[in-house]
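Peer 1: First residue of the sequence shown? That's 331 in this note's numbering, and the numbers climb one at a time after it.
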Amino acid sequence: MLKVWGRCSSFNVQKVLWLVGELGLPHEHLLAGGSFGGLDEPDFRALNPHGRVPVIEDDDVVVWESHTILRYLAAQYGRGSFWADDPGMRARVEGWMDWSQTTLQPDFLNGVFWGYYRTPEAQRDWPAIRQRFARCTDHLRLLDGILQDQPFLTGDRLSLADIPAGTSLYRYFELDIDRPELPNVNAWYERLQQRPAYREHVMIPFPELAFPTDPGDRRPHACSIHRVQAGMRARWSAAFSQQRSAAPTCSCQAAPSTRGPMAADRSR
Ligand SMILES: N[C@@H](CCC(=O)N[C@@H](CS)C(=O)NCC(=O)O)C(=O)O
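1) Determine the burial state of Gln344: buried for a count of at least 16 other Cβ atoms within 10 Å of its Cβ, exposed for fewer.
2) Which residues bound the alpha helix (DSSP H) around Val383?
3) Measure the Cβ-Cβ separation of Leu490 and Met427 and say whether it is below 7 Å.
4) Taking only runs of the alpha helix (DSSP H) that begin and end inside the stretch 471-555, which ones reach a length of at least 4 residues, in chain order?
5) Is the beta carbon of Leu361 sitting closer than 7 Å to the one on Arg382?
6) If we count Cβ pairs, one from each stretch, closer than 8 Å, do we get three or more for the stretch 446-458 versus the stretch 479-490?
7) Expressed to the nearest angstrom, what Euclidean distance is found between the alpha-carbon atoms of Leu353 and Ala405?
8) Take Phe482 as the anchor and find which of Tyr407, Gln431, Arg422 and Gln453 has the nearest alpha-carbon.
9) Following a CB-centred definition, is Asn516 positioned closer than 6 Å to any heavy atom of ligand 1?
10) The alpha helix (DSSP H) spanning Val391 covers which residue range?
11) Leaving out five residues before and five after Pro356 in sequence, what residues of the same chain have Cβ atoms less than 8 Å from its Cβ?
12) State yes or no: is the C-beta of Arg462 within less than 7 Å of the C-beta of Gly441?
13) Leaving out five residues on either side along the sequence, give the residues of the same chain with a beta carbon under 6 Å from the beta carbon of Ile386.
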């Protein structure tokens with residue numbers, strides 16, 4: 331059976347699990363990385379020499395790098411839906427995948443999400459965070475234009491093009507910030523939220539990823555926690571817009587996962 335390695339809270343793992351869900355592939359999910367650890371163990375390094383999640387094992391095929399995994403799964407199991415044999419059609423899709431990884435992701439995930447949410451207050455570089463946020467707005471405005479005439483990034487159907495960028499949307503919309511008016515991006519996000527695989531694998535609350543507020547802070551894992559820390563969201567809002575707004579709470583379903591041997595060892 332297909333094995334997927336990686337913690338539920340990992341953005342790159344979420345992309346892979348979303349596609350696995352869309353394709354309805356039976357799989358075993360092995361929690362690794364973050365406080366589950368295991369990435370430096372020789373057995374894991376034999377799978378992925380650079381020690382990162384996600385990794386998949388499909389019988390004797392091992393694949394690492396989230397976008398390579400997406401392409402592998404689409405080619406192997408998604409012909410006619412997520413994979414086109416025509417190189418021109420594939421290139422249209424893959425352009426958006428690469429754009430997400432090299433343009434949107436650095437500004438949103440590294441610049442804003444890490445810069446603010448995963449950085450202790452005293453160390454935050456606000457000019458840099460605001461600059462990255464402005465760039466995210468430009469990127470999302472570009473998508474808003476693309477989505478004006480079509481429901482998904484490359485046309486009428488969800489494709490691999492939507493997966494990397496679409497995975498950023500949950501965090502983008504969960505952070506309590508003053509977002510620009512982007513009606514087509516909003517509608518796209520609503521469409522994605524209607525998909526069970528997106529709700530199950532991407533809409534995962536992320537408090538375990540926040541900077542620790544005190545040294546003894548032991549945050550539950552995304553794989554078992556389903557409440558957003560309201561206070562954190564309010565602080566983000568205040569810092570960004572100087573306005574404190576009511577912080578909503580969220581109670582998502584537990585992310586179902588088959589806990590593997592490494593998870594059992596590491597999560598104690
Ligand atoms: N370019 C790689 C990045 C992989 C990566 O950095 N993964 C992170 C999680 S998103 C990781 O393994 N971090 C170490 C950890 O979780 O302990 C990919 O797209 O798969």
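We put the CB at the ideal spot given by N, CA and C, even for glycine. All figures in this text were calculated on a predicted structure; none of them were measured in a lab.
Peer 2: If we stick to the structure as given:
1) buried
2) Segment: none, Val383 is in no alpha helix (DSSP H) and carries neither H nor E.
3) yes
4) Complete alpha helix (DSSP H) runs here, min 4: 492-504, 513-523 and 526-531.
5) no
6) No, the stretch 446-458 does not touch the stretch 479-490.
7) Answer to the nearest angstrom: the Cα atoms are 11 Å apart.
8) Arg422
9) Taken from the Cβ of Asn516, every heavy atom of ligand 1 lies 6 Å or farther away.
10) Per DSSP, Val391 belongs to no alpha helix (DSSP H); it is in the beta strand (DSSP E), Val391 to Trp394.
11) Met331 and Leu332
12) Yes, these two residues count as a Cβ contact at 7 Å.
13) Val334, Val393 and Ile399
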